[in-house]
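Notes for the one structure printed next.
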Amino acid sequence: NAGVTQTPKFQVLKTGQSMTLQCAQDMNHNSMYWYRQDPGMGLRLIYYSASEGTTDKGEVPNGYNVSRLNKREFSLRLESAAPSQTSVYFCASSEAGENTGELFFGEGSRLTVL
Amino acid sequence: AQTVTQSQPEMSVQEAETVTLSCTYDTSENNYYLFWYKQPPSRQMILVIRQEAYKQQNATENRFSVNFQKAAKSFSLKISDSQLGDTAMYFCAFRSYNTDKLIFGTGTRLQVFP
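Same order as they appear, the protein sequences are chains A and B. Numbering of the first sequence is given in the working numbering, commencing with residue 31 and proceeding in unit increments. Numbering of the second sequence is given in the working numbering, commencing with residue 85 and proceeding in unit increments.
The following block contains the structure:
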């Protein structure tokens with residue numbers, strides 16, 4: 031009963047380094063999301079994917095790229111990390127058009143950029 | 085663009101008492117979902133309650149209930165018989181029927197005291 035799985039849970043980077051956050055869901059959901067959470071700012075949408083092969087920008091996409099590898103997996107890449115990208119990142123999934131509208135979240139990944 | 089506003093950064097309540105968390109939102113759409121998510125110290129996002137805009141009846145889930153005022157664009161959460169385990173961040177969120185995006189407020193930190 032895994033749900034949404036994110037890796038890694040914690041990561042420390044130096045400015046300019048690159049890394050990829052991995053996300054996988056086993057609920058056969060069409061839609062997947064990446065959010066970042068910063069103190070006092072709630073969760074802000076970075077990118078989302080309504081279906082396999084499609085991605086769209088959210089509120090704060092600058093500095094990030096995403097790949098919807100298949101229906102299960104949605105990765106978030108930081109090509110050149112900056113201290114402003116220090117945050118907790120959440121992956122989520124939902125069934126597009128499903129009548130509850132609910133998003134299911136992973137446990138979060140804490141990223142620190144020095 | 086839709087926005088969600090939570091005007092109470094922090095709230096506190098004594099165990100067994102009742103507390104109400106406020107949320108307002110702005111949208112020009114008529115069909116949408118509203119949610120309250122709970123984030124305990126474990127960081128996991130947990131759905132507390134959901135309301136569909138077309139339903140006039142307020143949603144309830146055990147000790148949790150909402151006061152949904154569509155005309156006023158208000159969606160408050162009432163927690164009755166507060167328990168220590170209710171201590172968490174609470175996020176109000178909006179999702180239109182026409183989009184896959186879930187928009188969050190900035191959150192309210194609730195502390196339940198013994």
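Ideal Cβ placement from N, Cα and C applies to all residues, glycine included. Bear in mind that the values here come from a model prediction, so they are computed numbers and not experimental data.
Report all residues from its chain with a CB closer than 6 Å to the CB of residue 186 of chain B; omit the five preceding and five following residues, and keep chain order.
Numbered from its first residue, the second sequence carries residue 186 of chain B at position 102. Cβ within range, chain order: 177 and 179.
Here's the rule I'm using: 16 or more other beta-carbon atoms within 10 Å means buried, otherwise exposed. How should residue 110 of chain B be labelled?
By one-based count along the second sequence, residue 110 of chain B stands at place 26. Counting Cβ neighbours within 10 Å, residue 110 of chain B comes out exposed, since fewer than 16 surround it.
Based on Cα-Cα distance, which residue from A/33, A/59 and A/51 lies nearest to residue 100 of chain A?
Working through the first sequence from its first residue, we reach residue 100 of chain A at position 70. Comparing Cα-Cα distances from residue 100 of chain A to each of A/33, A/59 and A/51, the minimum goes to A/59.
Just the chain A side, please: which residues come within less than 9 Å of residue 175 of chain B by C-beta, in chain order?
One-based indexing of the second sequence puts residue 175 of chain B at position 91. By Cβ distance, chain A contributes 72 and 73.
Within this structure, are the beta carbons of residue 133 of chain A and residue 119 of chain A separated by less than 8 Å?
As a first step, residue 133 of chain A is located in the first sequence; it is residue number 103 there, counting from the start. As a first step, residue 119 of chain A is located in the first sequence; it is residue number 89 there, counting from the start. No.
By the 10 Å Cβ neighbour count, where 16 or more other Cβ atoms means buried, how is residue 42 of chain A classified, buried or exposed?
Along the first sequence, read from residue 1 onward, the residue named residue 42 of chain A stands at position 12. Counting Cβ neighbours within 10 Å, residue 42 of chain A comes out exposed, since fewer than 16 surround it.
Check the Cβ of residue 61 of chain A against every Cβ in chain B and list those closer than 7 Å, keeping chain order.
Against the first sequence, residue 61 of chain A aligns to sequence position 31. Chain B residues near residue 61 of chain A: 184.
Taking Cβ to Cβ, would you say residue 158 of chain B is nearer than 8 Å to residue 108 of chain B?
Your numbering for residue 158 of chain B matches position 74 in the second sequence. Your numbering for residue 108 of chain B matches position 24 in the second sequence. It is a contact, given that the beta carbons lie within the stated cut-off.
Any chance the region 68-88 of chain A sits against the region 148-156 of chain B, with 3 or more Cβ pairs inside 8 Å?
Result no; under three Cβ-Cβ pairs closer than 8 Å.
Should residue 173 of chain B be counted as a contact of the ligand ZN given a C-beta to heavy atom distance under 7 Å?
Questions concerning the ligand ZN fall outside what the structure shown contains, since it holds no ligand whatsoever.
Run the CB neighbour count on residue 121 of chain B, radius 10 Å, all protein chains shown included, and call it buried at 16 or more, exposed below.
Your numbering for residue 121 of chain B matches position 37 in the second sequence. Buried, since its Cβ has 16 or more Cβ neighbours within 10 Å.
Pull up the distance between the alpha-carbon of residue 182 of chain B and that of residue 195 of chain B, whole angstroms please.
The residue you call residue 182 of chain B lines up with position 98 of the second sequence. The residue you call residue 195 of chain B lines up with position 111 of the second sequence. Computed Cα separation, rounded: 35 Å.
Going along the chain, which unbroken runs of the beta strand (DSSP E) with 3 or more residues stay wholly within the region 35-89 of chain A?
Here the runs fully enclosed are 40-43, 49-55, 61-68 and 72-79.
Could you check the C-alpha separation between residue 96 of chain A and residue 124 of chain A for me, to the nearest Å?
Start at 1 with the first residue of the first sequence, and residue 96 of chain A comes out as number 66. Start at 1 with the first residue of the first sequence, and residue 124 of chain A comes out as number 94. In a straight line, the C-alpha of residue 96 of chain A is about 17 Å away from that of residue 124 of chain A.
Report all residues from its chain with a CB closer than 7 Å to the CB of residue 101 of chain B; omit the five preceding and five following residues, and keep chain order.
If you number the second sequence from 1, residue 101 of chain B lands on position 17. Hits under 7 Å: 166.
Out of curiosity, what's the CA-to-CA distance linking residue 70 of chain A and residue 123 of chain B?
As a first step, residue 70 of chain A is located in the first sequence; it is residue number 40 there, counting from the start. As a first step, residue 123 of chain B is located in the second sequence; it is residue number 39 there, counting from the start. Taking the straight line joining both Cα atoms gives about 14 Å.
Got a sec: is the Cβ-Cβ distance from residue 33 of chain A to anything in chain B below 8 Å?
Walking along the first sequence from the start, residue 33 of chain A turns up at place 3. Taking Cβ atoms only, chain B never reaches closer than 8 Å to residue 33 of chain A, which makes this a no.
Taking the alpha-carbon positions, what's the residue 95 of chain B to residue 61 of chain A distance?
Along the second sequence, read from residue 1 onward, the residue named residue 95 of chain B stands at position 11. Along the first sequence, read from residue 1 onward, the residue named residue 61 of chain A stands at position 31. Approximately 34 Å, taken between the alpha carbons.
Skipping 5 residues on each side, what residues in its chain have a beta carbon closer than 8 Å to that of residue 48 of chain A?
For the purposes of this step, residue 48 of chain A is taken as residue 18 along the first sequence, with counting starting at 1. Result list for residue 48 of chain A: 107, 108, 109, 110 and 111, in chain order.
Between residue 135 of chain A and chain B, is the shortest Cβ-Cβ distance under 8 Å, so that the two count as touching?
Locating residue 135 of chain A in the first sequence gives position 105, counting from the first residue. Yes - at least one Cβ of chain B is within 8 Å of the one on residue 135 of chain A.
Among residues of its own chain, excluding the 5 on either side of residue 97 of chain B, which ones have a beta-carbon nearer than 6 Å to its beta-carbon?
In the second sequence, residue 97 of chain B corresponds to position 13, counting from 1. Answer for residue 97 of chain B: 103, 166 and 196, listed in chain order.
My output table needs one value for residue 114 of chain A: the three-state DSSP class, helix, strand or coil.
Reading the first sequence from its first residue, position 84 is the one you call residue 114 of chain A. If DSSP states are grouped into helix, strand and coil, residue 114 of chain A belongs with the helices.
Applying a beta-carbon distance threshold of less than 7 Å, which residues of chain A neighbour residue 131 of chain B?
In the second sequence, the residue the question calls residue 131 of chain B occupies position 47. Those are 132, listed as they occur along chain A.
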